[in-house]
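K.L.:
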Ligand SMILES: [Zn+2]
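Numbering (our numbering), first residue to last: 2 to 387.
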């Protein structure tokens with residue numbers, strides 16, 4: 002029997018499956034044979050009818066062995082960077098953080114810590130075990146510090162005035178433990194928290210199944226994240242969509258845990274989940290039909306989760322694809338898992354001269370088309386997602 006990881010309901014049902022997907026979609030490999038034999042796992046997404054939580058019941062944390070080459074920084078995109086900059090502006094103003102101490106859980110290379118320090122935050126302390134012995138340019142500002150460990154109530158050594166946690170909660174197979182632990186770390190102080198996760202409501206509405214990846218255990222919907230926060234002892238001040246709808250942004254304050262709290266507005270989300278379930282397969286079929294036997298060559302723009310999941314889901318139909326293009330120089334020269342295709346810099350497109358550019362995220366379509374055309378190339382552009 003499958004039990005909901007947020008509310009404990011015994012009634013979850015399967016809505017989507019993908020088998021033999023790379024367990025680390027963002028793990029790039031040095032050569033073709035390593036990339037084609039990258040470890041795989043299965044995804045069986047279930048949805049809870051009581052709190053509208055969606056998660057992969059087949060997730061096995063033991064398969065997740067992160068190592069060098071793992072790269073998921075989003076801030077190489079100008080769009081994401083400007084989103085983060087306005088977010089930093091807003092958080093500093095709304096939470097009154099000038100001269101204060103902010104903790105970021107899962108800070109990655111510290112890009113957000115740097116933005117906060119530049120806006121007057123006195124101490125910006127990030128926790129991230131993946132930063133062990135990694136260099137980053139984002140700790141130069143006074144007050145910025147990265148602790149290369151998991152954040153726990155047990156290892157917090159000083160009071161803090163706000164908590165930020167972006168793109169972490171979707172990776173956890175026991176999210177309630179993390180939220181309850183954070184609630185313990187906050188104690189009696191009125192410390193605001195800001196959480197940001199991929200928005201599963203958006204993913205289902207747009208039937209963006211390329212966002213379904215093994216690294217993400219949880220696909221948070223507005224009702225389910227509200228339930229998780231209430232049950233762990235937080236009162237959501239706002240649960241909003243941002244970044245073109247792709248992110249769910251939660252601001253909350255500490256309160257009393259409400260361990261039995263359930264959302265009363267799950268029906269629209271459940272309908273979207275069932276529509277997603279019906280439509281995802283037919284969309285994949287359409288892409289396969291369109292690309293099978295198409296002459297010429299193609300590239301996928303975006304060697305992130307969406308691009309790599311899309312390419313792998315195509316299977317044999319993706320045979321015309323010769324490379325993935327990405328702005329992040331740390332990915333160049335490496336191979337994407339599963340499909341085993343190289344990640345190249347935009348400049349290399351002149352050589353490849355693709356007939357088709359498959360854009361893995363619609364948000365970047367304008368900047369990509371402008372850049373490709375400025376190189377004197379005139380391929381077709383197709384948006385794969387969102
Ligand atoms: Zn539930």
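Every residue gets a Cβ at the ideal spot worked out from N, C-alpha and C, and that includes glycine.
Taking only heavy atoms of ligand 1 into account, decide whether any of them is closer than 7 Å to the Cβ of residue 250.
P.N.:
The answer is no for residue 250.
K.L.:
Compare the beta carbon distance of residue 108 and residue 51 with 8 Å and say whether it is the shorter of the two.
P.N.:
The answer is no: Cβ separation not under 8 Å.
K.L.:
Mind checking who residue 299 pairs with in its DSSP beta bridge?
P.N.:
Note: residue 299 sits in a beta bridge opposite 322, 357.
K.L.:
Of the choices 78, 206, 96, whose alpha-carbon is the least far from that of residue 276?
P.N.:
The candidate whose alpha carbon is nearest that of residue 276 is 206.
K.L.:
Would residue 361 be called buried (16 or more neighbouring beta carbons within 10 Å of its own) or exposed?
P.N.:
Flag for residue 361 reads buried.
K.L.:
Mind checking whether residue 255 and residue 157 have CB atoms under 8 Å apart?
P.N.:
Not in contact: residue 255 and residue 157 (Cβ atoms no closer than 8 Å).
K.L.:
With DSSP collapsed to three states, give me the class of residue 259.
P.N.:
The answer is coil: DSSP assigns residue 259 none of H, G, I, E or B.
K.L.:
Kindly list the residues whose CB is nearer than 8 Å to the CB of residue 381, restricted to its own chain and excluding five residues on each side of it in sequence; keep chain order.
P.N.:
Result list for residue 381: 356, 357, 358, in chain order.
K.L.:
Grab the span of the beta strand (DSSP E) containing residue 48 for me, first residue to last.
P.N.:
Residues 41–48.
K.L.:
Listed by chain order, which residues have C-beta atoms less than 6 Å from any heavy atom of ligand 1?
P.N.:
Going along the chain, the residues that qualify are 5, 7, 8, 10, 49, 51, 52, 54.
K.L.:
Of the residues 373, 278, 101, which one's Cα is nearest the Cα of residue 121?
P.N.:
Checked all of 373, 278, 101; the closest Cα to residue 121 is 101.
K.L.:
Can you give, in chain order, each stretch of the alpha helix (DSSP H) that sits fully within the region 123–180 and has at least 4 residues?
P.N.:
Counting only runs of 4 or more, we get nothing.
K.L.:
Taking the alpha-carbon of residue 42 as reference, which of 32, 54, 26 has the nearest alpha-carbon?
P.N.:
When only C-alpha atoms are compared, the closest one is 26.
K.L.:
From 143, 140, 167, 127, pick the residue whose C-alpha is nearest to that of residue 149; which is it?
P.N.:
Comparing Cα-Cα distances from residue 149 to each of 143, 140, 167, 127, the minimum goes to 127.
K.L.:
So for residue 249, helix, strand or coil by DSSP?
P.N.:
Residue state, collapsed to three classes: strand.
K.L.:
Output the distance between the C-alpha atoms of residue 240 and residue 253, rounded to the nearest integer angstrom.
P.N.:
The straight-line gap from Cα to Cα measures roughly 9 Å.
K.L.:
Would you decide whether residue 133 is buried or exposed? Buried here means 16 or more other CB atoms lie within 10 Å of its CB.
P.N.:
When all chains shown are included, residue 133 counts as exposed.
K.L.:
May I ask you to report which of helix, strand or coil DSSP gives residue 306?
P.N.:
Three-state result, residue 306: helix.
K.L.:
How is the alpha helix (DSSP H) around residue 226 delimited, first residue to last?
P.N.:
223–233 is the span of the alpha helix (DSSP H), which, as asked, contains residue 226.
K.L.:
Taking the alpha carbon of residue 184 as the reference point, which residue from 219, 230, 141, 143 has its own alpha carbon closest?
P.N.:
When only C-alpha atoms are compared, the closest one is 230.
K.L.:
Who are the Cβ neighbours of residue 283 in its own chain at under 7 Å, not counting the five residues just before and after it?
P.N.:
Nothing meets the Cβ criterion.
K.L.:
Please determine if the region 324–341 and the region 294–309 are in contact, where contact requires at least 3 C-beta pairs separated by less than 8 Å.
P.N.:
With a cut-off of 8 Å, the region 294–309 and the region 324–341 count as touching, because enough Cβ pairs lie within range.
K.L.:
Drop a sphere of 10 angstroms on the beta-carbon of residue 66, count the other beta-carbons inside from all chains shown, and report buried for 16 or more, exposed for fewer.
P.N.:
Looking at its Cβ environment, which holds fewer than 16 other Cβ atoms inside 10 Å, residue 66 is exposed.
K.L.:
Indicate whether the contact test is met: 3 or more Cβ pairs, each with one atom in the region 73–89 and one in the region 46–64, closer than 8 Å.
P.N.:
Taking 8 Å as the limit for Cβ pairs, the verdict is that the region 46–64 does not touch the region 73–89.
K.L.:
With DSSP as the reference, label residue 383 as helix, strand or coil.
P.N.:
Three-state DSSP puts residue 383 in a strand.
K.L.:
In terms of alpha-carbon separation, which member of 202, 374, 236, 260 lies closest to residue 177?
P.N.:
Nearest option by C-alpha distance: 260.
K.L.:
Considering only the alpha carbon of each residue, which of 373, 371, 375, 365 lies closest to residue 77?
P.N.:
If we check each option's Cα against that of residue 77, 365 comes out closest.
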